[in-house]
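To keep things clear, I will list the structure first and then write my remarks on it.
Residue numbers (this note's numbering), protein chains in the order written: chain A, 17 to 343; chain F, 2 to 235.
What follows is the structure in structure tokens.
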């Protein structure tokens, strides 16, 4: 059973939880930009082993399913059609053999996820099937999907109670996207970085009070922030050391850069902030031109919010598994 | 074990163990020793060594029990692990990297020689005479930052970085020398190229070099370059 890419969309790639634990080799974690959306897409199709999904960017692909399939869409709200049927998001959907899924534009946000029951059966590299587009690791040497790509689907048992009919059939329940997608584009929680106190006073205030715009040269490696030029009290010469997704760096140009999932594992620019892990998926959903504001947080507050989010996610994953077992 | 180790909180699940703020072989050897010790005694913490610091990443779920803050728990465990003398000291591996210097393999050799006021043969001799140590891997998978470059060979980075540096290129950037594992953009001066494959993600040990390895460069001619290239995995 295969899925064929008919149109690739703007930037579509296979993504899972990435390759944690290999930074000492120079290999970053990479993986899905919006991890909760990726996990929930998999849960909705009954995948439990961290399977890869297709991450779409701004405009989605068109995909042909050779055989009947069970899919789910999460992340940024994206238009989805099979023939004249419009597919709901955050909902398990059964597609008959030969379906062509047309994904369109996103009303807001930047990244949507398409999970297929059984996952994508491609080789796992250092424990992951994700494409690191920057380091060129993954399916087809880590490039984005192209028209004509054929993606094999892993085998899976049919969904309990499913029909093998010729109808496009969404299940009668779905998830509330509200907690998982930041429709209001709220300020992102930011921890002070190691070098924050070396910003000049105006820049310290601008980082937490100013309004930035995500630049169009942003990608899975980094989000560049336009709007204010920040300054250090005195230039800092640093030796390269570990860098992390979520780190806000200040290069000599004064334009802050938020490192994202495919960032190199080392960097040498001053670190003025660290986006709270709980808000990284929300940063991943900002599109070029969107406003980015930061609110100061503390490590304790960031840990508390992260723990609460993880608990809510774990409970929801349990509920989904239970509902799927009954449907 | 260390006179002054400092912890910096980087993120919810990340601490930086800082030994200093310079590129210095002694500092880097302290980083390497701590890395080896922590990997053996505290395998649940991921260690990412750099020139003068060591990133510690940990699973919050593992360190969230008890009354202490997870960062404090990790710091205490790290200090305890580093506090006892380590009975096992592994001698570093020595890896010999064959390099074809100059011509299309090292298009910047003549320029480097001119900048150093040496002839190209002397640049090659100085580069192959030295003992290097892999201070860290970074920038790209398997890219080694090597300490030990003869100061006479220190040259500035190129004003016009290349979009595509060939895989295997041996280069000098400032006081550092390194090897590009894949085709990458880069601004270092290219003096030669190795036929060895530095990074193969499908191999059991994906990176030819690891932090702490000693490295020697061996000058080879074009014929030997092609012979060796033919033996490398596709």
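Note that the Cβ used here is the ideal one computed from N, Cα and C, for glycine as well.
Closer than 9 Å to chain A by CB, residue i
i	result
residue 170(F)	no
residue 195(F)	no
residue 203(F)	yes
residue 15(F)	yes
residue 178(F)	no
residue 155(F)	no
residue 49(F)	yes
residue 71(F)	yes
residue 39(F)	no
residue 3(F)	Per-residue confidence for residue 3(F) stands at a pLDDT of 47, beneath the threshold of 50, marking its modelled position as unreliable; the derived number appears in the next sentence. False, the Cβ-Cβ gap to chain A never drops below 9 Å.
residue 59(F)	no
residue 146(F)	yes
residue 23(F)	yes
residue 233(F)	no
Beta-carbon neighbours of residue i, restricted to chain F and to distances below 8 Å
i	result
residue 280(A)	139, 140, 141
residue 290(A)	11, 12
residue 142(A)	202, 207
residue 293(A)	12, 13, 14
Nonlocal neighbours in the same chain, by C-beta distance under 6 Å from residue i, ignoring five residues either side
i	result
residue 193(A)	106
residue 95(A)	120
residue 2(F)	At residue 2(F), the pLDDT of 45 sits below 50, so the modelled position is not reliable and the matter cannot be decided from this model.
residue 322(A)	293, 294
residue 196(F)	226, 229, 230
Of the listed residues the options, nearest to residue i (C-alpha basis)
i	options	result
residue 6(F)	56(F), 26(F), 42(F), 13(F)	56(F)
residue 153(A)	341(A), 248(A), 44(A), 313(A)	44(A)
residue 268(A)	341(A), 248(A), 313(A)	248(A)
residue 377(A)	307(A), 41(A), 103(A)	Since the displayed chain A opens at 17 and closes at 343, residue 377(A) lies outside it and no answer follows.
residue 167(F)	108(F), 62(F), 120(F), 150(F)	108(F)
residue 173(A)	62(A), 318(A), 34(A), 331(A)	62(A)
Sequence-distant residues of the same chain with beta carbon closer than 7 Å to residue i, five excluded per side
i	result
residue 250(F)	Residue 250(F) cannot be examined here, being either before or after the span of chain F that is shown, 2 to 235.
residue 211(A)	252, 286, 287, 288
residue 255(A)	284
residue 74(F)	64, 67
residue 163(F)	186, 187
residue 78(F)	43
residue 177(F)	146, 147, 150
residue 344(A)	There is simply no residue 344(A) to check, as chain A begins at 17 and stops at 343 in what is shown.
residue 324(A)	none
Within chain A, the residues that residue i reaches when beta carbons sit closer than 8 Å
i	result
residue 54(F)	257, 258
residue 183(F)	152
Neighbouring residues, chain A, relative to residue i (Cβ below 7 Å)
i	result
residue 9(F)	210
Contact list for residue i against chain F, beta-carbon separation under 7 Å
i	result
residue 123(A)	Residues of chain F passing the Cβ test: none, with the nearest at roughly 31 Å.
residue 40(A)	48, 49, 50, 138, 212
residue 43(A)	142
Close Cβ partners of residue i (< 8 Å) along its chain, the five nearest in sequence each way excluded
i	result
residue 111(A)	81, 84, 85, 86, 87, 98, 117, 184
Amino acids of chain A, ordered along the chain, whose beta-carbon sits closer than 9 Å to that of residue i
i	result
residue 20(F)	Simply none; closest approach about 11 Å.
is_contact[residue i, chain F] using C-beta, thresh 9 Å
i	result
residue 316(A)	yes
residue 300(A)	no
residue 273(A)	no
residue 151(A)	yes
residue 307(A)	no
residue 287(A)	yes
residue 263(A)	yes
residue 36(A)	yes
residue 266(A)	no
residue 323(A)	yes
residue 332(A)	no
residue 204(A)	no
residue 319(A)	yes
residue 30(A)	no
residue 223(A)	no
residue 254(A)	yes
residue 207(A)	yes
is_contact[residue i, chain D] using C-beta, thresh 9 Å
i	result
residue 89(A)	Here chain D cannot be found, since the structure's protein chains are A and F.
What are the start and end residues of each continuous beta strand (DSSP E) run of 3 or more residues lying completely inside the segment 157 to 191 of chain A, in chain order?
166 to 168
Taking only runs that begin and end inside the segment 100 to 185 of chain F, name each unbroken beta strand (DSSP E) of 3 or more residues, in chain order.
133 to 138, 145 to 148, 163 to 166, 170 to 174, 177 to 180
Counting only runs of 4+ residues fully inside the segment 24 to 96 of chain F, write out the alpha helix (DSSP H) ranges in chain order.
26 to 42, 71 to 84
Complete runs of the beta strand (DSSP E) confined to the segment 119 to 152 of chain A [at least 3 residues]:
127 to 132
Any chance you could list the alpha helix (DSSP H) runs of at least 4 consecutive residues sitting entirely within the segment 204 to 237 of chain A, in chain order?
217 to 225
What residue ranges within the segment 185 to 218 of chain F form continuous beta strand (DSSP E) runs of no fewer than 3 residues, ordered along the chain?
185 to 187, 190 to 194
Quick check for students: name the residue ranges of the alpha helix (DSSP H) that lie wholly in the segment 251 to 312 of chain A, counting only runs of 4 or more.
296 to 300
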